[in-house]
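Enquirer: Supplied in structure tokens, the structure appears directly below.
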DNA sequence: GCTATTTATTTAACACGTTAAATAGATTGA
DNA sequence: TCAATCTATTTAACGTGTTAAATAAATAGC
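Residue numbers (the working numbering), protein chains in the order written: chain F, 1 to 144; chain A, 145 to 288.
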């Protein structure tokens, strides 16, 4: 009933799998001086802007306190803009800035190459299947 | 060729899946004042002791600098012991201590219950299949 | 209209992740 | 043998993860 050995446990396997994938992307991000989490925020806002902080936190899977710090860093570097909603003074309005869009464009070819290499090694169908299974796992644990 | 939206990307899905699973175990660990990473070290040494630090780091998927801090914390609390190898003064010899074994025993029933609930929600066969796919992904990216 | 409660964000505190550099013990080779 | 190199671990610095508490603006109820 319990995983017999540490290597065959879901949390550990998920961690190692993530690390195996991220190790391919990390050098690219490091060259552009953005962390993995900063990059997630930029991408989320690149997909849809403006968003409030709560929405960004959820979409990027980043906790609110981390997001506060990340916002400061990204705003200082001109990648995103930060304001308040007129109708609700509590909510922070975030949006991608031109420099942020430029960064996304700039990294796009390299990302494609890394993703293609990943697909070549693991297989397109396998990735899709894995994404489906992960989504089902997430739903099964979060619902009810 | 690139994930169209942030939700269907491998790194993000792996992160969210891990979080969905860990959220079930975290309260248990918190009640016993051990972090996720400290718990991984305890389990690794519970499976096989003694081990040197490098081996523990690898098996628990923890980086060396983090392990240094974790060892201090676990040794202070009497969960593990720490010494040096006679034949190589650089290597640190780590082993589970009685209090560490006792903690493993103490948490065992609750872990079983949580794992059973997870299986009930997601399915035994699905877990096995998912573990296999994750292992294949890891191998595909780390080899060559 | 005012207090109590809720909601969004921030701050604080402490542990880990990550990279680079430092330390110290082993090993190699002239 | 001893300087150069390699290897295992630690330290340092900075960013993020996590929980709890603080702040501040909105909403509910009276």
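For every residue, glycine included, the Cβ atom is placed at its ideal position computed from N, Cα and C. For clarity, every value in this text was computed on a predicted model and none was experimentally measured.
What residue range does the beta strand (DSSP E) around residue 160 of chain A cover?
Expert: Premise fails: residue 160 of chain A lies in the alpha helix (DSSP H), 154 to 175, not in any beta strand (DSSP E).
Enquirer: Give me the Cα-Cα distance between residue 45 of chain F and residue 58 of chain F, rounded to the nearest whole angstrom.
Expert: 12 Å
Enquirer: What do you get for residue 17 of chain F, buried or exposed, if any count of 16 or more other CB atoms within 10 angstroms of its CB means buried?
Expert: buried
Enquirer: Is the CB of residue 77 of chain F under 9 Å away from at least one CB in chain A?
Expert: no
Enquirer: If you measure from the beta carbon of residue 141 of chain F to each beta carbon in chain A, is any gap under 9 Å?
Expert: yes
Enquirer: Give the secondary structure of residue 227 of chain A by DSSP, where H, G and I count as helix, E and B as strand, and everything else as coil.
Expert: strand
Enquirer: Run the CB neighbour count on residue 171 of chain A, radius 10 Å, all protein chains shown included, and call it buried at 16 or more, exposed below.
Expert: exposed
Enquirer: Which class does residue 185 of chain A belong to by DSSP, given the choice of helix, strand or coil?
Expert: helix
Enquirer: Considering only their Cβ atoms, is the gap separating residue 156 of chain A from residue 61 of chain F smaller than 9 Å?
Expert: yes
Enquirer: Does any CB atom of chain A fall closer than 9 Å to the CB of residue 67 of chain F?
Expert: It does not; no Cβ of chain A falls within 9 Å.
Enquirer: Between the segment 26 to 45 of chain F and chain A, which residues of the former have a C-beta closer than 9 Å to a C-beta of the latter?
Expert: 36, 40, 43, 44
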